[in-house]
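These notes concern the structure reproduced below.
Protein chains: 2
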Amino acid sequence: MNQKREMSRRQFVTSAAAVAAISSFPARDAIAVIAREGAAGATQTEVALTDKPGWRDQGVENLAKSPHAKLRNIPVRAVTIDSGFWGARREINVNASIPTMHDLLEANGRMTNFLRLVGKSDAAQRGPVYSDSDVYKWTEAVGFVLQSGDRPKLRASAEKMINEVVAVQEPNGYLNTYYVDDRKSQRMLPQTQTTGHELYNIGHMLQGAIAYYRATGDRKLLDAGIRFVDGFLIPNYGPAPKKPIVSGHPEIEMALIELYRITGDKRQLELAGYILRGDKRIDLPERRTIYMFSGTPFTERTKLEGHAVRAVYACCGATDYYMETGDDSYWATLNKLWTDMTTTKMYVTGGVGSRADGEAFGDAYELPNFRAYGESCAAIGNMMWNWRMLAATGDAKFADVIERALYNGINSGMSLDGVMYCYRNPLAFDPSGGDKIRNPWYDTTCCPPNLERTFGSLPGYFYSTSDDGIYVHLYDNSELDWHLENGTGLKVAQKTNYPWDGSVEMTVTPSQPTDFAVYLRIPGWVDSAQVTVNGTALSGVKPGAYLPIRRRWSAGDRVHLQVEMVPQVLEANPRVADDTGRVAVQRGPLVYCLEEVDQSNGVTLSDVALELGKRPGSEFQTEMKSDLLGGVLLLHHTGASYERSASANVLYPRYTGANERTKRVPLTFIPYYAWANRQATAMQVWTQVVKS
Amino acid sequence: MNQKREMSRRQFVTSAAAVAAISSFPARDAIAVIAREGAAGATQTEVALTDKPGWRDQGVENLAKSPHAKLRNIPVRAVTIDSGFWGARREINVNASIPTMHDLLEANGRMTNFLRLVGKSDAAQRGPVYSDSDVYKWTEAVGFVLQSGDRPKLRASAEKMINEVVAVQEPNGYLNTYYVDDRKSQRMLPQTQTTGHELYNIGHMLQGAIAYYRATGDRKLLDAGIRFVDGFLIPNYGPAPKKPIVSGHPEIEMALIELYRITGDKRQLELAGYILRGDKRIDLPERRTIYMFSGTPFTERTKLEGHAVRAVYACCGATDYYMETGDDSYWATLNKLWTDMTTTKMYVTGGVGSRADGEAFGDAYELPNFRAYGESCAAIGNMMWNWRMLAATGDAKFADVIERALYNGINSGMSLDGVMYCYRNPLAFDPSGGDKIRNPWYDTTCCPPNLERTFGSLPGYFYSTSDDGIYVHLYDNSELDWHLENGTGLKVAQKTNYPWDGSVEMTVTPSQPTDFAVYLRIPGWVDSAQVTVNGTALSGVKPGAYLPIRRRWSAGDRVHLQVEMVPQVLEANPRVADDTGRVAVQRGPLVYCLEEVDQSNGVTLSDVALELGKRPGSEFQTEMKSDLLGGVLLLHHTGASYERSASANVLYPRYTGANERTKRVPLTFIPYYAWANRQATAMQVWTQVVKS
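In the order they appear, the protein sequences are chains B and G. Residues 1 to 692 (my numbering) are what the first sequence spells out, left to right. Residues 1001 to 1692 (my numbering) are what the second sequence spells out, left to right.
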């Protein structure tokens, strides 16, 4: 056995070197045919890549040839985000989060898991079955960062990791550091597929490989992924008489389809379709197929349930499948699930997953605040899914969910200093429970590198192109340097203090005067907005829609978007029992919260109520505090509390109906994403309300 | 192996027969010394029982000699409960619940688990590790029923089961149907002790054996329990150099102490103390010792946490330990835990255990309604613990918790027809989630026989004696026929329509005119109460206390208790986020709820609010419906709802502050215990409130 592994390693060193030789070739459309020794020792042909546009010009997704995509991604490098809200987050991400996570992955055995298999480490296997994916997600984060510009040190670290990964690949393409040695016999058994995360790991490997390829043109990891898929997976697994696949943790579906968008190999798309089809392959109890959000036909799903990350990742894959095939049954299911989520199961922060038990969606309207799970990964998956729905339609309602999740339930997942992470993102917190909400490391460390890859990829979410122009999704100081789908060069510069301020100045500069449309997103939360082009006001501005500005654009044309950025008070549907008698405060895309540390001495969050008059929201005072929490705009408002804290009262006193909140207290709100960055203190998004 | 087991079975047939011969001897103080062959074939001496009073006169607990008990139990048979609230429940319990549960236990392999070990069944082992306890709890239920009077068919069934159980006992006293065959080597390993429930099973066996012994004088099962404790446990387990014990699921502690109260064998009390002491014996992660509520010193506990049933059972054992030893550190801890529970962690129904995840206590004030766990067993454990605290002190605050749990969170656990059971007892329910709340059988069937033993033992909870008189805890049509501690005969008859009506007529008849005190419980929920003796009003009536009536009592003295039985509206401490803006309705000891099926057509519970005026509670209309739900008193009140149901609204609409509940709707409340006895329909205990 050892001898065989040693031999296969040598074979791969050879072929990896051969691949590396062509990988540095920065051709726009890399098509390479090289010889390598395969599993059985036979010479195989390296897969030719037929991807267009070439690697440098592909976005977060490459929808260039997707027949049912309305919008197409722009490459990450086409947008430069300058200093501002997201610029600061991205600086921290590159300079603190990603490098420290690299060291933590190494310190926690994530690389010795690989090295030990080629005799370079004596360490025992460490971490859960999905530990390989930690490395791949980190690699993907680096890939996205490198798409925005070279970072030699990060690139060297990633290169080293990639070399250590591919060295472990077996001759038949299999690659996994957990199902080895004594566990080798469990590989891809039906039971292992439901819990073992082998294909989940490979899905993340493919995503990491693709991001790294799109940054560098380096195919090393990508080819390893292709070898797994084409050499191991497709020949052996799929519709009978091949062996069955059950997606224990959906992820491979979207990865296979993105791979297909590079290779053009329809078998990869078909395999994704086979997995999503989910007809009965192995016997699974119903609670298992609910939990996995797989193992039954995707198109028979009627609601979001089970493990939240699994569910939204499955929806990502299904949307990708729809964009390639146009299968209406997928589209109908996706819309049904989206409505189910956004009308009954999504937090106001864009987070999803109400239950810690099973990290799962709850019943409709089951949205507890203290016990909210709202895993960072699930909010990210929600954004990824909506990004795909948006690409399929151009419908701004999907962009609204992206913005809500991104600014709140995702952004909260990483501390302001970039080195602590939330797994859970609750909407209320009581430190007396002893829960430590931010931690530098989790043994299941799915969320931290997921946040890192998301912030790394962010420029790719600012714009899309359509066959008649360009869509503007997000607002921040930035420059686009790209082209229309007809090839006409296009630059767009944004100057803004968004989200603190509602004014966005844009300069649109096509390489030559051209007729096309700029689709300007008017966020759904907007009450009133004005848009001018070169000073002339436009009509037809509608919240929750893209404003199409169709005209002949010339260099330096100025677009000004002005949205009213005032605090808004939201309540919840009365079916959300957890929010009865409570309101949430939002300003622009930011959901706000109360942290007890910001309130007057002795004020207890559970005692206070927001005192609202006839025009709720109009009485907030704003205060920009550049020295607090990395610079935040505070909201102040009058509240009411008890003369003496009621928290020492008996548990079930008699109700008198008398207003006992006779003491006025000032309340100070901070943006939700910035919570839990100081001492442990109580927090709540939903605050009790009384009428003033 | 088989031969050895066969031989040991024969030995026990012999000795069991010898025990049976003396068991039918109805001596008040059975002291028996018989010869039997022990584990190693040596002749051992049967344990002499030194219990006083004799088996017929022992109550739920035998506190006759407990130095730190203020109150002493009366035997179950001393109280006859007539037709009325509890009489009806107890009829159903005996005629429907217990017989059908017997058949279900047999149908689900609970007895073939025993029979197969002596070659009388070919069936495989069935059920979880704690399946033996199902049989023992059922035996305990029968034991209590038989204490109230013979039921030959039930007695025969129990006798048969007992014979089948004891036939399996091994020569060394060990008895368990799970850790046999391949699993024999796992017996009592530290790891097994934390999850295997071996001692939990034996704890229930002892409780079942004791109840059966107190009904019949039959020692067969009791002697088997003693053989386990004295033959297997005490010689091998305990303080070093013996092998360690960790109580994986507390239960054995209270059982050992009750056994000690029969045998007088101090080693049994000491073993319970050793288990409770819980100093470091085996390495356990902290989350495990929290979950188990054991594995660390009981006296170092500062709050209720972890698995709720484990926690309250541990508290039962610790209170028993205190009553025998007077150890102040236990008393201090018990009171701290009691305050923690009743001021921060107990539902208004007396249920405990907020989290389905781990069936656990939550953080302070974490009391979700829809997702409440409130396991029937935990409410029962809460009652059992408070019964012990009450015995130690005579403090009525403990009786208030007993009444709250009994009438609500326990009574809800069994359907009105007695053949369906709740495992969870949530305080709100939405049938669209698909949860089936009542079921005839659970593979973990802890709750059903636990409910059965509780209702079977109920007469034993009506009165206690003290050295100066008698305490009256519960009110229902009943007759006490017992005696004071000085031996003077005493009969007390209660005539009442409690809990529907607040009038209780009592007749007190000592066997001769005697000076003593009748301590009459004035429930804590009472606003106003009058007590007369032979028509003369007494002063000093105080809610939440026992009214001591000290006088010379003569045959036929009449005591009349009249409590104001009006609907009361409760709110929750503002820290209970789940109850914000909501109220609960209680009348007498009964908590009420809304079921959607009782409301006008089209009324949705999540839409409605209870419209309360200046004197909340005063505007309820009552209606006794003898043909509904076994006879219940309904409460009617005006509510407010939306013109059109708001449940189709968006998830997070803007808050306007306008009162949109402009439609008046009548609301009908039923007692909580009677919920979920008709079709699947929405239910809630906590209802939104608006001022009228």
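For glycine and all other residues, C-beta sits at the position ideal for the given N, C-alpha and C.
- When secondary structure is reduced to three states using DSSP, residue 1691 (chain G) falls in the strand class.
- Beta-bridge analysis with DSSP links residue 1491 (chain G) to G:1481, G:1509.
- For chain G, the residues of the stretch 357-380 of chain B that bring a beta carbon within less than 9 Å of one of its beta carbons are 357, 358, 362, 363, 364, 365, 366, 367, 368, 369, 370, 371, in chain order.
- Residues are counted here when their Cβ sits less than 9 Å from a Cβ of chain B; for the stretch 1678-1692 of chain G these are 1684, 1686, 1688, 1689, 1691, given in chain order.
- Around the C-beta of residue 1434 (chain G), fewer than 16 other C-beta atoms lie within 10 Å, and the residue is accordingly described as exposed.
- DSSP places residue 1325 (chain G) within a helical segment (H, G or I) once states are collapsed to three.
- For a Cβ distance threshold of 9 Å, nothing in chain B lies close to residue 1673 (chain G): the least Cβ distance comes to about 18 Å.
- In this structure residue 1204 (chain G) is in contact with residue 1133 (chain G), their Cβ atoms being roughly 4 Å apart against a cut-off of 8 Å.
- Within chain G, the residues 1653, 1655 have their CB atoms less than 7 Å from the CB of residue 571 (chain B), given in chain order.
- Any Cβ of chain B closer than 8 Å to the Cβ of residue 1344 (chain G) would place that residue at the interface, and such an atom is present.
- The C-beta of residue 1599 (chain G) comes no closer than 8 Å to any C-beta of chain B.
- Chain G has no Cβ within less than 8 Å of the Cβ of residue 349 (chain B).
- Going by DSSP, residue 624 (chain B) is part of the beta strand (DSSP E) stretching over 621-625.
- If you check the CB distance, residue 127 (chain B) and residue 443 (chain B) come in under 8 Å.
- The DSSP-derived three-state label of residue 86 (chain B) is helix.
- Within a 10 Å sphere around the beta-carbon of residue 93 (chain B) sit 16 or more other beta-carbons, which makes this residue buried.
- Chain B has no Cβ within less than 8 Å of the Cβ of residue 1051 (chain G).
- For a Cβ distance threshold of 8 Å, residue set 343, 573 of chain B lies close to residue 1650 (chain G), ordered along the chain.
- For residue 382 (chain B), the closest C-alpha among the options B:112, B:584, B:334, B:363 is that of B:334.
- The Cβ atoms of residue 363 (chain B) and residue 1417 (chain G) do not sit closer than 8 Å to each other.
- Annotation for residue 1640 (chain G): the continuous beta strand (DSSP E) segment containing it runs 1632-1641.
- The alpha-carbon of residue 1173 (chain G) is positioned some 5 Å away from that of residue 1231 (chain G).
- Listed in chain order, the alpha helix (DSSP H) elements of length 4 or more contained wholly in the stretch 428-484 of chain B are 447-457.
- Counting C-beta atoms within 10 angstroms of its own C-beta, residue 1328 (chain G) has fewer than 16 neighbours from the protein chains shown and is therefore classed as exposed.
- In the DSSP annotation of this structure, the continuous segment of the beta strand (DSSP E) that includes residue 1584 (chain G) starts and ends at 1582-1587.
- For the stretch 1611-1638 of chain G, the set of positions with a beta-carbon nearer than 8 Å to some beta-carbon of chain B reads 1612, 1613, 1614, 1616 in chain order.
- Exclusion of the five residues before and after residue 1646 (chain G) leaves 1607 as the residues of its chain whose Cβ lies within less than 7 Å of its Cβ.
- For residue 1583 (chain G), the closest of G:1684, G:1540, G:1497, G:1659 by C-alpha to C-alpha distance is G:1684.
- Assignment of alpha helix (DSSP H) within the stretch 1168-1228 of chain G, counting only whole runs of 4 or more residues, yields 1190-1195, 1198-1216, 1220-1226 in chain order.
- Contact fails between the stretch 1371-1389 of chain G and the stretch 1052-1059 of chain G, because fewer than three Cβ pairs, one in each stretch, are under 8 Å apart.
- In the structure shown, the three-state DSSP call for residue 1414 (chain G) is strand.
- Residue 1546 (chain G) and residue 1515 (chain G) have their C-alpha atoms spaced approximately 18 Å apart.
- With contacts defined as CB atoms closer than 8 Å, residue 1680 (chain G) and residue 1663 (chain G) fail to qualify as a contacting pair.
- With a beta-carbon spacing of about 20 Å, residue 1164 (chain G) and residue 1453 (chain G) fall beyond the 8 Å limit used to define contacts.
- Taking 8 Å as the CB threshold, residue 445 (chain B) stays off the interface with chain G.
- Proximity of residue 582 (chain B) to chain G, defined by a Cβ-Cβ separation below 8 Å, is satisfied.
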